[in-house]
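Novice: Residue numbers (this note's numbering): 2 to 159. This is the structure I want to talk about, given as structure tokens.
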């Protein structure tokens, strides 16, 4: 927690994607695999979080330990679990350990706008706890936006 992290994996089109490209957004990075039953169980909760927080600058990313050659399995997993966020492939247990999760799937890391780990969650995520955490992380930004809006309103001539 508090450490800045890097990760570069391929998306399902074979294009390299990086966490660095998402700096400035809050990222919910979920490590998963198509064969992982607990991973399948938590997908509806992660999809709900994506729906609820996307407009606020939160991006959920699935980092699958499946390889690029397993693209069809990953696509089937997305279809079956109704995933509504990008899946990157080629993650490893070494990546999970580097993020402070250990090697067991699933694991989720919440990364703040500054690119630093805010929380590492080993095991299946709890949607209400994740929502509470995201609301806490989003608070300073929400307060700043309200203050800015108030200043803009007061400067309008009457």
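C-beta: ideal position from N, C-alpha, C; glycine also. Bear in mind that the values here come from a model prediction, so they are computed numbers and not experimental data.
Tell me the rounded alpha-carbon separation between residue 64 and residue 24.
Specialist: C-alpha separation (whole angstroms): 17 Å.
Novice: How long is the line joining the alpha carbons of residue 70 and residue 130, rounded to whole angstroms?
Specialist: Their backbone Cα atoms lie some 35 Å apart in a straight line.
Novice: Determine the DSSP secondary structure at residue 75, reduced to helix, strand or coil.
Specialist: In the structure shown, residue 75 sits in a helix (DSSP, three-state: H, G or I).
Novice: Tell me whether residue 151 sits in a helix, a strand or coil according to DSSP, three-state version.
Specialist: With a pLDDT of 44 at residue 151, under the threshold of 50, the predicted position of this residue should be treated as unreliable, and no value is reported.
Novice: Which term fits residue 92, buried or exposed, when burial requires 16 or more other beta carbons within 10 angstroms of its beta carbon?
Specialist: When all chains shown are included, residue 92 counts as buried.
Novice: Using CA atoms only, rank isn't needed, just tell me which of 103, 47, 102 and 56 is closest to residue 79.
Specialist: It is 47 whose Cα lies nearest to the Cα of residue 79.
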